[in-house]
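*Asks:* Here our numbering is used: the first residue of the sequence shown is 17, the next is one more, and so on.
Please find one structure pasted underneath; my questions will follow.
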Amino acid sequence: MPVVLVALLSGTWLLSGALVAGTEPLTVAVGRTAVCCAVLTAVAASTARGRADLRRAVARPGTVWLLGLLGFAGYAAGTLLAIPRIGTSLTNLVVALMPCASVAVGALFFGVRSGPRKAAGAVLACAAAAGYAALGADAGDLDAVGLLLVVAATVAFAVYGFLYRERLSGLPPLAVLPVLLAAATCLLLPMSLPALITHPPTPAATGGIVLLGAAVYAPAYLVQHRLILLRGPVFTAAVQLAVPFTVRLGDWTLGTAPAPSPAELALLAVCCAGIALVTVRPVRSAEPVVSGR
Numbered sequence: 017m018p019v020v021l022v023a024l025l026s027g028t029w030l031l032s033g034a035l036v037a038g039t040e041p042l043t044v045a046v047g048r049t050a051v052c053c054a055v056l057t058a059v060a061a062s063t064a065r066g067r068a069d070l071r072r073a074v075a076r077p078g079t080v081w082l083l084g085l086l087g088f089a090g091y092a093a094g095t096l097l098a099i100p101r102i103g104t105s106l107t108n109l110v111v112a113l114m115p116c117a118s119v120a121v122g123a124l125f126f127g128v129r130s131g132p133r134k135a136a137g138a139v140l141a142c143a144a145a146a147g148y149a150a151l152g153a154d155a156g157d158l159d160a161v162g163l164l165l166v167v168a169a170t171v172a173f174a175v176y177g178f179l180y181r182e183r184l185s186g187l188p189p190l191a192v193l194p195v196l197l198a199a200a201t202c203l204l205l206p207m208s209l210p211a212l213i214t215h216p217p218t219p220a221a222t223g224g225i226v227l228l229g230a231a232v233y234a235p236a237y238l239v240q241h242r243l244i245l246l247r248g249p250v251f252t253a254a255v256q257l258a259v260p261f262t263v264r265l266g267d268w269t270l271g272t273a274p275a276p277s278p279a280e281l282a283l284l285a286v287c288c289a290g291i292a293l294v295t296v297r298p299v300r301s302a303e304p305v306v307s308g309r
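If you want it as structure tokens, here you go:
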């Protein structure tokens, strides 16, 4: 399941990058969210049990709006609005600190102790991912508002992971996600409306947004939220750190980028080691059996 998540999220990077090159970022964000919501709603509503679970999720409006804001609308808006101010690399560098943010948020506000092994792994993986982002840092002016936006978005998603697991673990992700995405669409629409009116997406971009939301984000969100329920937010955040490196290796394989440098390969190895500390459960030796006489 972690490998599937990394592959799907790598696809979101590649397709989103192509789309935002010619389309307003907030238009892409609200479009992919709305399409993903429609697809998952259709799947969930196709069975009687799914419809019952959807009604149970809708019956928690306070939780729905809060999580829709923290995990989807707030995160998307914060990161997308930060990019023009501080550049893509610095934005990704801050987002790369997500596992560390999850460790801190869990310990401070939810009583979740990750243990020294997981904490060390999160710090190691974050340091490698941050170093990777720093290699491509652009020369944009450092902007306090931009930094605040992406830091707030990162912390918001870390809080979201714990709240989701705490409040909605009794419902399957397929029932919860359509409701959360509907709330997120309502929150994103006012922010994206000016861009939609002044610069509407082309037919080709619209098709790309539909493909992104239906074929990539929908399964990615399902796998991501399943992992949060099964293994927790820190585990899921650590796994996702492999995505930038996977995209880089994919670009090289496809011939759209040169071979990774020795520094990039070294950081990839360090990041993988950190992810392993967080995600691989240590093998505990069995107690010796003492035979009686």
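Here a beta-carbon is modelled for each residue, glycine too, at the ideal position from N, C-alpha and C.
Could you have a look at Asp159 and say whether DSSP puts it in helix, strand or coil?
*Replies:* To locate residue 159, count along the sequence shown from 1; it is residue 143. In the structure shown, Asp159 sits in coil (DSSP, three-state: anything other than H, G, I, E or B).
*Asks:* Could you check how far apart the C-beta atoms of Ala172 and Gly90 are, in whole angstroms? I think they sit under 8 Å.
*Replies:* Within the sequence shown, the letter at position 156 stands for residue 172. Within the sequence shown, the letter at position 74 stands for residue 90. Indeed, because the Cβ distance is near 5 Å, the residues count as touching under 8 Å.
*Asks:* Do Thr170 and Pro111 count as a contact pair if the criterion is CB distance below 8 Å?
*Replies:* As a working mapping, residue 111 is identified with position 95 in the sequence shown. As a working mapping, residue 170 is identified with position 154 in the sequence shown. Here the sequence assigns Val to residue 111, which means Pro is not the residue at that position. Closer than 8 Å, so yes.
*Asks:* Between which residues of its own chain and Met207 is the CB-CB distance below 7 Å, once the five residues before and five after are set aside?
*Replies:* Position 191 of the sequence shown holds residue 207. The answer, listed in chain order, is Leu42 and Ala93.
*Asks:* Does DSSP put Glu40 in a helix, in a strand, or in coil?
*Replies:* By one-based count along the sequence shown, residue 40 stands at place 24. Glu40 falls in the coil class under three-state DSSP.
*Asks:* Does the segment 62-82 come close enough to the segment 236-252 to have 3 or more Cβ pairs within less than 8 Å?
*Replies:* At 8 Å Cβ cutoff, the stretches do not touch.
*Asks:* Measure the C-alpha to C-alpha separation of Ala221 and Leu82 and round it to an integer number of angstroms.
*Replies:* Here the question's residue 221 lines up with position 205 in the sequence shown. Here the question's residue 82 lines up with position 66 in the sequence shown. Taking the straight line joining both Cα atoms gives about 30 Å.
*Asks:* Relative to the C-alpha of Leu21, which residue among Ala253, Ala279 and Val286 is closest?
*Replies:* For the purposes of this step, residue 21 is taken as the residue at position 5 of the sequence shown. Nearest option by C-alpha distance: Ala253.
*Asks:* Can at least three beta-carbon pairs, one atom from the segment 119-134 and one from the segment 261-275, be found at a separation below 8 Å?
*Replies:* Output reads no: the segment 261-275 does not touch the segment 119-134.
*Asks:* Considering only residues of the same chain and omitting the five flanking positions on each side of His241, which have a CB-CB separation below 6 Å?
*Replies:* To locate residue 241, count along the sequence shown from 1; it is residue 225. Excluding residues within five positions, the ones whose Cβ falls inside 6 Å are Pro189.
*Asks:* Let's test the definition: count the other Cβ atoms within 10 Å of the Cβ of Ala141 and tell me whether it reaches 16, buried, or not, exposed.
*Replies:* Here residue 141 corresponds to residue number 125 of the sequence shown, with the count starting at 1. The residue is buried, with at least 16 neighbouring Cβ atoms inside 10 Å.
*Asks:* Going along the chain, which unbroken runs of the alpha helix (DSSP H) with 4 or more residues stay wholly within the segment 82-135?
*Replies:* Entirely contained in the segment 82-135, the alpha helix (DSSP H) runs reaching 4 residues are, in chain order, 90-102, 104-111 and 114-125.
*Asks:* Which residues in the same chain as Arg183 place their Cβ atom closer than 6 Å to its Cβ, once the five residues preceding and following it in sequence are excluded?
*Replies:* Residue mapping note: residue 183 aligns to position 167 of the sequence shown, counting from 1. Within the same chain, Arg183 has close Cβ partners Thr79.
*Asks:* Using three-state DSSP, classify Val1 as helix, strand or coil.
*Replies:* The structure shown has nothing for residue 1, since the chain only spans 17 to 309.
*Asks:* Tell me the rounded alpha-carbon separation between Cys202 and Val51.
*Replies:* On the sequence shown, residue 202 is found 186 positions in, with the first residue counted as 1. On the sequence shown, residue 51 is found 35 positions in, with the first residue counted as 1. Going by the C-alpha atoms only, they are around 13 Å apart.
*Asks:* Indicate the three-state DSSP secondary structure (helix, strand or coil) for Gly229 in the structure shown.
*Replies:* The sequence position of residue 229 within the sequence shown is 213, counting from 1. Looking at Gly229 - three-state DSSP - the assignment turns out to be helix.
*Asks:* For the alpha helix (DSSP H) containing Ala254, name the first residue and the last one.
*Replies:* Position 238 of the sequence shown, counting from 1, holds the residue named residue 254. It spans Pro249 to Gln256 - the alpha helix (DSSP H) in which Ala254 sits, taken as one unbroken run.
*Asks:* Helix, strand or coil: which one does DSSP assign to His241?
*Replies:* Along the sequence shown, read from residue 1 onward, the residue named residue 241 stands at position 225. Three-state result, His241: helix.
*Asks:* Going by DSSP, what residue range makes up the alpha helix (DSSP H) through Thr272?
*Replies:* The sequence position of residue 272 within the sequence shown is 256, counting from 1. Thr272 -> no alpha helix (DSSP H), and no H or E assigned at all.
*Asks:* With H, G and I counted as helix, E and B as strand and the rest as coil, what does DSSP make of Leu187?
*Replies:* Position 171 of the sequence shown, counted from the start, is the residue given in the question as residue 187. Leu187 falls in the coil class under three-state DSSP.
*Asks:* Measure the C-alpha to C-alpha separation of Glu280 and Ala61 and round it to an integer number of angstroms.
*Replies:* Reading the sequence shown from its first residue, position 264 is the one you call residue 280. Reading the sequence shown from its first residue, position 45 is the one you call residue 61. Looking at the two C-alpha atoms, the distance is approximately 45 Å.
*Asks:* Assign Gly224 to buried or exposed, taking buried as 16 or more other Cβ atoms, counted over all protein chains shown, within 10 Å of its Cβ.
*Replies:* For the purposes of this step, residue 224 is identified with residue 208 of the sequence shown, where counting begins at 1. Buried is the call here.
*Asks:* Using a Cβ-Cβ cutoff of less than 8 Å, which residues in the same chain neighbour Leu243 once the five nearest sequence positions on both sides are dropped?
*Replies:* Within the sequence shown, the letter at position 227 stands for residue 243. Met17, Pro18, Leu21, Phe251, Thr252 and Val255, listed in sequence order.
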